[in-house]
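Enquirer: Residue numbering for the sequence shown follows our numbering, beginning at 7 and increasing consecutively. Where a beta carbon is used, it is the ideal one built from N, C-alpha and C, also for glycine. Computed from a prediction, not measured in an experiment: that's the story for all the values here.
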Amino acid sequence: MQNLATIDVALDEMLVNLAAIVLRLAQPELTRTPEARRALTQSVRQYGVCAARSSDPRVHELKMQLDETLKPSLRVVAIDGVKVS
Numbered sequence: 007m008q009n010l011a012t013i014d015v016a017l018d019e020m021l022v023n024l025a026a027i028v029l030r031l032a033q034p035e036l037t038r039t040p041e042a043r044r045a046l047t048q049s050v051r052q053y054g055v056c057a058a059r060s061s062d063p064r065v066h067e068l069k070m071q072l073d074e075t076l077k078p079s080l081r082v083v084a085i086d087g088v089k090v091s
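(1) Measuring alpha carbon to alpha carbon, tell me which residue in Q48, V15, E67 is nearest L31.
(2) Measuring CB to CB, does L24 end up less than 8 Å from T37?
(3) Do you know how far the Cα of D86 is from the Cα of L146?
(4) Which residues mark the beginning and the end of the alpha helix (DSSP H) in which Q71 is found?
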């Protein structure tokens with residue numbers, strides 16, 4: 007049983023490290039092309055599948071951060087002096 011706990015902790019650490027990598031790759035200057043956005047979306051979804059069974063709160067927090075990277079950023083546009091979001 008101790009071996010399972012050790013493996014579980016190691017997997018959680020790997021998921022934390024993986025999330026950090028994907029978050030760095032999610033920077034807007036790196037995800038400008040449609041192909042890059044699709045790759046990011048796939049990585050975030052795969053991370054979510056792996057994170058679903060984790061009991062580590064860090065993994066779930068990072069999953070939420072990664073999910074946020076998929077949401078489109080809003081721009082403020084002014085038309086005839088009226089701001090539209």
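Expert: Taking the structure as given:
(1) Q48
(2) In this structure, T37 does not lie closer than 8 Å to L24 by Cβ.
(3) The first residue shown for the chain is 7 and the last is 91, placing residue 146 beyond what the model contains.
(4) 63-75
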